[in-house]
Amino acid sequence: MTGVETIGRTGARVDGPAKVTGRAQYAADVNLPGQLWAGILRSPHPHASIVRIDATRARAMPGVHVVLTGADVGTIRYGRRLMDVPVLVADRARFVGDKVAAVAAESPALVDAALATIEVEYAELAPIFDPLEAMRPDCPPIHPDYRAYQGLPASIPDLPNVLAVETVARGDVDAALAAADVVVETTMAFPAVHHAYIEPHACLVSPQADGSFRIWASNKNPFLLREQLAAAFALPADQLIIEPTFTGGDFGGKGSPMEVPVCLALARAAGRPVKLVMSYLEELQAANPRHPTIATLRTGATHDGRLLAHDARFVFNSGAYGGYKPLPTLNLAASHHAAGVYRIPAARVESTMVYTNQVPGGHQRAPGEVQATVAMEIQMDRLAERLGIDPLELRVRNAVEDGDVGPLGEPWQDITLRQCIEQAREASGWGGPKAPRTGRGIAVCQRAAAGGQSNAEVRLAPDGMIEVITGTNESGAGGLTVLAEIVARRLGVPIEQVRVHVEGTDVGGFDQGPSGSRFTFVGGNAALAAAEELVRALTPLAAEVLGGAADSVVLEGGQFVDRTRPGSTVSFRDLAARSPAGDRSGRGAFSGKAPNRTSFAAQVAEVEVDGDTGQVDVRRIVGVHDVGEIISRQGLVGQIDGGIAWGLGYALMEELRIEDGRVTTTHFGDYRIPSIADMPPFESILLTDSRGDGPFGAKAVAELSLLPTAAAIVNAIHDATGAWILDLPVTAEKVLAALEGPGDRTAG
Amino acid sequence: MRPFDFVEPSDLDSVLALIAERDPGTQLVAGGTALFLLMKLGLVQPRRVVSLRRVAGLDGVRATPDGGIEIGALVSHRAAATSPLIRAYDATLAATFHGVATVRIRNQATVGGNIVHADPAQDPPPILMVLDGSAVLRSGAGERVVPLDGLFVDYMETAVRPDEVLTAVRLPPRPSGLRTAYLKFLPRTADDYATVSVAAAIALDDDREVRDARIALGAAGPVPFRAREAERSLLGRQLDAERIRDAAALARAAADPLDDVRGSAGYKRQMAGVWVRRALERFASVGPEARA
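Line by line, the protein sequences are chains A and B. At position 276 of the first sequence (counting the first as 1) the number is 276 in the numbering used here, and the numbers step up by one without a gap. At position 2 of the second sequence (counting the first as 1) the number is 1002 in the numbering used here, and the numbers step up by one without a gap.
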């Protein structure tokens, strides 16, 4: 077999040995005979017409095989849903980093030299950076041909530069707001944030003699990538074979075609394999970061703290393109987080996605959902302040319980929110004494797994090992380990007896990929079904070996047992050695919607604020997460700890700075993410009594743990200082400015 | 990155011959932790890179006959942090090298490379400046010794001429009773560059009056600098809250920081005052014999 293969280890990740020995193969590791290297010339202007491109000198350079411009490629556009991203721009560059020309040559140095000789004459256009300005009726459109694109949403908005509007509502919000004793209004701003995965996007495209292409790409959704490329290039999907690779960190960012289409265009023109590895400068300037967002919330309540109405508006800055968003609405899934986890009779959430002349936004761990949760959970504390009610009490008073529907009619079941809050209250010492300049903040949330489809095969290999065959790439989150754990547990064998084998799209069964906290639920249930099928297929073989009747043979404690004859057992290994050739394979499929049994969480942050500098020191975080059954403890703990680190970075330090359309945080010296030394002590409480819809009752955790952290920190800063910092990240400078109030700080 | 020729001479004379022409396309490299990042970003595009790594005689920490020490240009930050000679000379200096970036960088980055890189946010220059350090510069014409306070000309620019190599940092005999501190303000991540940093060296006399005061700031201007007026304001005075506040205000007034991702110029100027005050308070709050 040619795919990626891993073997289980108790308590460890199945992909660990391959990674620590360097055997794990990432897209950039693959090299082929005759391979060319590729690079991209990018626009230095945020908005400009392309008047003329002269690539004569580059084309004449020895060793340069292909030079492509927009004119050569034609109007091929791609996208995950909306196909609006040109492979190379032909007429107009829409952000600093837009792809203008591409070169394939015999060495990376030659690529750089050739790119440097390409002359582009631009006519600069007025750039539009502010999404609110972009939405004004008189604003010129950044995409004049928007209505001609494929993959448009069901209803097309009629404001310039607005590519999607979605409104989800329940009840008469305006009347309920008018009737409320108090109404709190809050506007918040969230920055663009990069995923900071270790591996930059990389791909290798190899044209085959039969006209097909073999592709290695740092992409977590091989089957979806195949569909996206097929749609863009009008090729049959089976002509595009996405080979298995490890993905060097995803966090939502490795689901877009990104640089694969231009690499495919170059390889097709060259008739040779072409490899393209983005630099981290290109990553930070021109990949698909989290959307900058403006949130405006109005919430009405009674004097005694009963929520009556909630109205939330989100403006998501899409940047230059909408093609990196996978939902058919072309929006982010903010709605069902934007009114929180509370009983609210009337709620409305409007999400607007707007084109501007900056780096296009894409998915990042809880896309839109984290902005929505953080906004709502800060709003709850602002409301608590107005009402003079303890923030935790306000949440308890309004928390959904079994029998309630969510604020927008969400049919949640087995609701554990109050347990989460009460446990967080106790573990955090909520209400207990605090040192000066120290504050506590709480935030709560819910997050279910996304639905989707997956396939798996589980077979008994001739050597007695159990093999799991999947089409999912290991994105770094531990999906392969989860599959091995599930199969080992169902069959009753030690995980050391399980081998996971990843196949490419030509062999593996369709899998939707590890996105939206879906993998344990969707991929896991497919593997569980395949393990069931294997048991079904092996039972008659075991009966034959045992000389018994198939209906009296069952799998017990990792062995097939003839219940009618005590002591008559055969293990998987013996069965592999002794059974006649027969069907030793089970195939399983799963297809399902997001479950109604969601996961809840409550987190409390404790911070100390330096009154002279504004520096925020997060002293402690207490997290209570309802996780249901634990499949892989190490993976689960990693997801939760990682989510907290993400939330802390989002709250305090991460920001892709964009000035006049240009990303100015161009390396990790300037773009900071939390290091281990920045992580506070974290006390984690796992609720495992409830049951979810994943295998054995597992629930989703991948995005859950990230959602509330930043709000808990912002609320704690308010508790410590009385100041509300409503634009993330909460830098020390912003805190100090808020502490000192308006005035000339430089004279102070 | 543009292709370049890579040369690894084994002796200093060969290096000096290679740079004698003052060819702007030739670039010296030691640890490479700064230069190669700049080259990757296309900000520096040399045609020829001359490595100092194989040049004999540029490493090691030596005691000098006058009682000072000399730190070879190729001494790594890690070696400087663990050097018994440096620790004995000034524990704060060793600790400052230990606090630079991460151990991976400290194993690679050199003392000399750090200085000629002349990034105003680097940690070692301020503490070396309050210890009255000098750079030893060699060229075909001979050797000259330039005080660090004067070596830094502008943002990432030094007085080192294109035909010169920085071979060592020289520190004079340490005055008795001098105590030192280095504080860096890291409001984002623990391994960030300083938003502002302050090195201070203070000696008190028997009456607890300031006999010697040296204050240097990093990341508070285009170059690391000595806050001379603040220093003078302390001489002959008790190190009390009022004097400290006044000195901090003078240091803040001398700051001319840049706006960047670590803060606005106004904020950094304000922080320069806060951290000078905090550095000086360390000396006020402990007895004259204790080390800060």
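Using N, Cα and C, we set each Cβ at its ideal position, and we do this for glycine too.
{"Check": "Below 8 Å on the Cβ atoms is my contact criterion, and I expect Asp-1123/B with Gly-1099/B to pass it. Report the Cβ-Cβ distance as a whole number of Å.", "Outcome": "6 Å"}
{"Check": "Does the beta carbon of Arg-1282/B come closer than 8 Å to any beta carbon on chain A?", "Outcome": "no"}
{"Check": "With a threshold of 8 Å between beta-carbons, can Met-1271/B be considered close to chain A, or not?", "Outcome": "yes"}
{"Check": "For a contact meaning CB atoms closer than 8 Å, what does Thr-1189/B contact in chain A?", "Outcome": "Met-653, Arg-672, Ile-673, Pro-674, Ser-675, Ala-677 and Asp-678"}
{"Check": "Is it buried or exposed for Arg-395/A, if we count other Cβ within 10 angstroms and need 16 for buried?", "Outcome": "buried"}
{"Check": "Can you find a C-beta in chain B that's less than 8 Å from the C-beta of Asp-381/A?", "Outcome": "no"}
{"Check": "Would the stretch 541-557 of chain A count as touching the stretch 613-633 of chain A if we require 3 or more Cβ pairs under 8 Å?", "Outcome": "no"}
{"Check": "In the DSSP assignment, what residue or residues form a beta bridge with Trp-37/A?", "Outcome": "Ala-105/A and Lys-275/A"}
{"Check": "Whose CA, out of Val-1153/B, Arg-1062/B, Gly-1221/B and Phe-1225/B, lies closest to the CA of Arg-1214/B?", "Outcome": "Phe-1225/B"}
{"Check": "Which value, in whole angstroms, describes the spacing of the CA atoms of Gln-285/A and Tyr-650/A?", "Outcome": "19 Å"}
{"Check": "Scan the stretch 620-635 of chain A for residues whose Cβ lies nearer than 7 Å to a Cβ of chain B and list them as they occur along the chain.", "Outcome": "none"}
{"Check": "Find the nearest neighbour of Gly-46/A within the set Glu-133/A, Phe-129/A and Val-374/A, judged by alpha-carbon distance.", "Outcome": "Correcting the residue identity first, residue 46/A is Pro in this sequence and not Gly. The shortest Cα separation from Pro-46/A among Glu-133/A, Phe-129/A and Val-374/A belongs to Phe-129/A."}
{"Check": "Report back the beta-carbon spacing between Leu-68/A and Ala-265/A to the nearest angstrom; my notes put them in contact at under 8 Å.", "Outcome": "6 Å"}
{"Check": "So the candidates are Phe-510/A, Arg-578/A and Lys-699/A; which of them puts its Cα closest to the Cα of Ala-594/A?", "Outcome": "Lys-699/A"}
{"Check": "Using beta carbons (cut-off 8 Å, strictly below), is Leu-1037/B in contact with chain A?", "Outcome": "yes"}
{"Check": "In the structure shown, what three-state DSSP assignment does Leu-706/A receive?", "Outcome": "coil"}
{"Check": "Does the count of Cβ pairs from the stretch 428-448 of chain A and the stretch 179-190 of chain A closer than 8 Å reach three?", "Outcome": "no"}
{"Check": "Would you call the CB atoms of Arg-348/A and Thr-167/A closer than 8 Å?", "Outcome": "yes"}
{"Check": "Run through the DSSP bridge pairs and tell me what Ala-202/A is partnered with.", "Outcome": "Val-277/A"}
{"Check": "In whole angstroms, what is the alpha-carbon distance linking Phe-600/A and Leu-327/A?", "Outcome": "24 Å"}
{"Check": "What is the DSSP secondary structure of Pro-1173/B, reduced to helix, strand or coil?", "Outcome": "coil"}
{"Check": "Taking Cβ positions, are Thr-373/A and Cys-445/A nearer each other than 8 Å?", "Outcome": "yes"}
{"Check": "Does DSSP classify Thr-481/A as helix, strand or coil?", "Outcome": "helix"}
{"Check": "Could you give the first and the last residue of the continuous beta strand (DSSP E) run that contains Val-561/A?", "Outcome": "559-562"}
{"Check": "At the level of alpha carbons, what is the spacing between Tyr-324/A and Asn-331/A?", "Outcome": "11 Å"}
{"Check": "Would you call Gln-208/A buried or exposed, if buried means 16 or more other Cβ atoms sit within 10 Å of its Cβ?", "Outcome": "exposed"}
{"Check": "Pro-42/A: which of Ser-49/A, Gly-97/A, Ala-48/A and Pro-33/A sits nearest, CA to CA?", "Outcome": "Sequence check: residue 42/A is Arg here, not Pro. Looking at the Cα atoms, Gly-97/A is the closest of the given residues."}
{"Check": "Can you find a CB in chain B that lies within less than 8 Å of the CB of Asp-112/A?", "Outcome": "yes"}
{"Check": "Are there 16 or more other CB atoms within 10 angstroms of the CB of Pro-191/A, so buried, or fewer, so exposed?", "Outcome": "buried"}
{"Check": "Please list the terminal residues of the continuous beta strand (DSSP E) segment that includes Asn-455/A.", "Outcome": "452-460"}
{"Check": "In three-state DSSP terms, what is Phe-510/A?", "Outcome": "coil"}
{"Check": "Between Gln-1238/B and the rest of its own chain, which residues show a CB-CB distance below 7 Å, the 5 nearest in sequence each way excluded?", "Outcome": "Arg-1208 and Glu-1209"}
{"Check": "Under 8 Å Cβ-Cβ, which residues of chain B neighbour Ala-338/A?", "Outcome": "What Ala-338/A touches in chain B: nothing, since even the nearest Cβ is about 29 Å away."}
{"Check": "Considering only residues of the stretch 65-139 of chain A, which uninterrupted beta strand (DSSP E) runs meet the minimum length of 3 residues and lie entirely inside it, listed in chain order?", "Outcome": "99-105 and 119-124"}
{"Check": "Let me know the secondary structure DSSP gives Leu-538/A once reduced to three states.", "Outcome": "helix"}
{"Check": "Counting contacts by CB-CB distance shorter than 8 Å, is Gly-1068/B in contact with chain A?", "Outcome": "no"}
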